[in-house]
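So the structure is just underneath, and the comments pick up after that.
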Amino acid sequence: MNFTNYERKEKIHALQNEQFDVLVIGGGITGAGIALDASMRGMKTALVDMQDFAAGTSSRSTKLVHGGLRYLKQFEVKMVAEVGKERAVVYENGPHVTTPEWMLLPFHEGGTFGPLSTSFGLRAYDFLAGVKRSERRKMFSAEATLQKEPLIKQDGLKGGGYYVEYRTDDARLTLEVMKKSAEKGALCLNYVKAEGFTYENGQVTGIQAIDQFTKETLTISAKKVINASGPWVDEVRKKDGSENGKHLRLTKGVHIVIDQSVFPLHQAVYFDTPDKRMVFAIPRDGKTYVGTTDTFYNTDPIRPDVTAEDRAYLLEAIRFMFPSVGVSESDIESSWSGVRPLIYEDGKDPSEISRKDEIWEAESGLLTIAGGKLTGYRKMAETIVDLVAKRLKEEKGILYSPSETKYLPISGGDVGGSANFPAFVKAKTAVGVSKGFTEEEAKKIVHMYGSNAEKVFSYKEESELPAVMNAQLLYAIEEEMAYTPADFFIRRTGALLFDIQTVLTYKQPVIEKMAQLFGWREEEKDKHTAELEAEIAACS
Numbered sequence: 001m002n003f004t005n006y007e008r009k010e011k012i013h014a015l016q017n018e019q020f021d022v023l024v025i026g027g028g029i030t031g032a033g034i035a036l037d038a039s040m041r042g043m044k045t046a047l048v049d050m051q052d053f054a055a056g057t058s059s060r061s062t063k064l065v066h067g068g069l070r071y072l073k074q075f076e077v078k079m080v081a082e083v084g085k086e087r088a089v090v091y092e093n094g095p096h097v098t099t100p101e102w103m104l105l106p107f108h109e110g111g112t113f114g115p116l117s118t119s120f121g122l123r124a125y126d127f128l129a130g131v132k133r134s135e136r137r138k139m140f141s142a143e144a145t146l147q148k149e150p151l152i153k154q155d156g157l158k159g160g161g162y163y164v165e166y167r168t169d170d171a172r173l174t175l176e177v178m179k180k181s182a183e184k185g186a187l188c189l190n191y192v193k194a195e196g197f198t199y200e201n202g203q204v205t206g207i208q209a210i211d212q213f214t215k216e217t218l219t220i221s222a223k224k225v226i227n228a229s230g231p232w233v234d235e236v237r238k239k240d241g242s243e244n245g246k247h248l249r250l251t252k253g254v255h256i257v258i259d260q261s262v263f264p265l266h267q268a269v270y271f272d273t274p275d276k277r278m279v280f281a282i283p284r285d286g287k288t289y290v291g292t293t294d295t296f297y298n299t300d301p302i303r304p305d306v307t308a309e310d311r312a313y314l315l316e317a318i319r320f321m322f323p324s325v326g327v328s329e330s331d332i333e334s335s336w337s338g339v340r341p342l343i344y345e346d347g348k349d350p351s352e353i354s355r356k357d358e359i360w361e362a363e364s365g366l367l368t369i370a371g372g373k374l375t376g377y378r379k380m381a382e383t384i385v386d387l388v389a390k391r392l393k394e395e396k397g398i399l400y401s402p403s404e405t406k407y408l409p410i411s412g413g414d415v416g417g418s419a420n421f422p423a424f425v426k427a428k429t430a431v432g433v434s435k436g437f438t439e440e441e442a443k444k445i446v447h448m449y450g451s452n453a454e455k456v457f458s459y460k461e462e463s464e465l466p467a468v469m470n471a472q473l474l475y476a477i478e479e480e481m482a483y484t485p486a487d488f489f490i491r492r493t494g495a496l497l498f499d500i501q502t503v504l505t506y507k508q509p510v511i512e513k514m515a516q517l518f519g520w521r522e523e524e525k526d527k528h529t530a531e532l533e534a535e536i537a538a539c540s
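Residue 1 is where the sequence shown starts when you use the UniProt record's numbering, and the numbers rise one by one after that.
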């Protein structure tokens, strides 16, 4: 087993010495989707990100592949229809990272929704999103609503709607799409920062970049460059001098995590707050997480803060809708904050700005994709790669096929479709048990890694770390380009968000093992330790 940086050096060499058809700046879900779509069409594709994959918005969302029910209120009918249909596509292509979640929408006297508007809205939602019969909306009386979730406020309760959203692990979804694009030939590398562009006759021909570990300067050549850098879209465009009058408006969303011993929610709930915003409360792995806030954000998006006001707002929302739940600041185990890169619309509040995506084409040829939602990543990728294919045909006479990703399982998704996933889990759990894992450990691995589970099983070895964590760590380094403890604890496992005590217990053994495997010098080890401590402090 070779844990040196040899493979990274090979990739750096290839980035500098090959010409690509498409170079993507940004390793979030949009960039990953573009890399997959382009590589599936036979385009020679590269992708770089200045941080880890999914380190920005794509690991900091509400962790739902949802169709945007609330956007019906803003008459975003086309977006709801398109994104709603994509939910099922995302689910079928990766049932190990996405799963249906029935959502309860209670309505109270004087609230945002009433019986008629809820029934109409959910019926329209079912129609627009093409929801399959088994997942279409149901309407409940007040009594039936309380049977589904007894913690809901009873005062003024008139009933509830019941409909399906899809819960996901946003960072792992991004990683699985990225790994599939690499499997199809894309060269994807994290911790490579685009610093500027190269030109010929005024047209972008590539980028100047810096390896964030070695500080080596790279020149990467490509026929087309796509800026899919999320919150950093405007910053990248400035390097090209290609602002077009439109720009982003960042809004911040905060989520808090509370143990179920304090907040014993067993049914996901989507509810309105006293200020008429909509908030999710979702049970997950013995915890309940609640979010999100929606406020304008004007500072560094790398590690957006969680303020006392943010936490107070969400705690008050819990007390408003679940008055029997006694929550306080000390009950918050962890939290996370992310920024949404929305396209600026003058005079609109954060919650009113459209989540639609747009493509901007600069005179230099630089293509930028901005806005959009996690759920629509595949369709967004298809749209911009269609444009790349059109431009390459016009400029180079090269013909490419249409998108081939709609029915393509992502990495780990080769499980025979969602209907077969339970049988797949049962069969592969038995394999894990035969490798020395307990049934519970094996089942956890299969649910998390899908058809890649047997690779994870292969990393079973004696270790001071728990068996599953050790196998996950070795797999993350070998197969998922995890280079730092933060990469592992946040984006490869989600432990920092939903199991922070485990992180606090095992952070030092993980750091020591990574230092040994990568051959870190003492100053490198100290740097990565400090980074993890900063992330822990931000979440705590």
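Glycine included, C-beta positions come from ideal geometry on N, C-alpha and C.
For F421, the enclosing alpha helix (DSSP H) covers residues 421-434.
Looking at R340, I445, K406, I477, the one whose alpha-carbon comes closest to that of V233 is R340. Beta-bridge partners of K224 (DSSP): V22. Bounds of the alpha helix (DSSP H) holding Y475 are 467-479.
From the listed residues P231, V279, V446, D126, the smallest Cα separation to N298 is found for P231.
In this structure, the CA atom of L399 is about 10 Å from the CA atom of M43. Rounded to whole angstroms, the gap between the alpha carbons of E363 and L392 is 16 Å. E480 and G110 have their C-alpha atoms some 49 Å from each other. Counting along the chain, no alpha helix (DSSP H) covers S58, and no H or E run does either. Between the beta-carbon of R378 and that of F53 there is about 17 Å, and that puts the pair past the 8 Å contact cut.
Look at the segment 170-255 and you find these whole runs of alpha helix (DSSP H), each 4 residues long or longer: 170-183, 233-240.
Ranked by how close their Cα comes to the Cα of Y162, the residues S181, R172, D170, M139 have M139 in first place.
The Cβ atoms of E329 and R303 lie no closer than 8 Å to each other.
Beyond the five residues adjoining it in sequence on each side, A476 comes within less than 8 Å, by CB distance, of A482, D487, F488, R492, T493 in the same chain, given in chain order.
Around G159, the same chain offers F107, P115, M139, F140, S141, A142, T145 as residues with beta carbons nearer than 7 Å, after the five sequence neighbours per side are excluded.
Between the C-alpha atoms of T62 and T292 there is a straight-line separation of about 7 Å.
V65 places its beta carbon 8 Å or farther from that of T219. Separation of P283 and F421 (C-alpha to C-alpha, rounded to the nearest whole angstrom) is 21 Å.
Within the DSSP secondary-structure output, T529 pairs in no beta bridge.
Bridge pairing for K138: Y162 [DSSP]. Burial is judged here by how many other beta carbons sit within 10 angstroms of a residue's own beta carbon; T57 has at least 16 and is buried. In this structure, the CA atom of T174 is about 30 Å from the CA atom of G245. Looking at the DSSP output, L314 bridges to nothing. With 16 or more other CB atoms across the displayed protein chains lying within 10 angstroms of its CB, E82 is buried. Judged by DSSP secondary structure, S119 falls within the alpha helix (DSSP H) whose first and last residues are 115-129.
The secondary-structure analysis by DSSP pairs Y270 across a beta bridge with F280. Ranked by how close their Cα comes to the Cα of Y125, the residues I34, T98, R60, E165 have E165 in first place. The segment 268-280 and the segment 205-223 do not touch, with fewer than 3 CB-CB distances between them shorter than 8 Å. For V290, the enclosing beta strand (DSSP E) covers residues 287-291. S458 places its beta carbon 8 Å or farther from that of D414. Taking a contact as a CB-CB distance under 8 Å, the pair I410 and N93 counts as one, their CB atoms being some 5 Å apart. The continuous alpha helix (DSSP H) containing F498 extends over residues 495-498. With respect to the 8 Å criterion, L104 and Q203 are not classified as neighbours on the basis of their beta carbons. When secondary structure is reduced to three states using DSSP, H108 falls in the strand class. In its chain, beyond the 5 residues on either side, Y400, S401 have a beta carbon closer than 6 Å to the beta carbon of R41. Shown here for G416: same chain residues with a beta carbon closer than 7 Å to its own, the five before and five after excluded, namely F424 in chain order.
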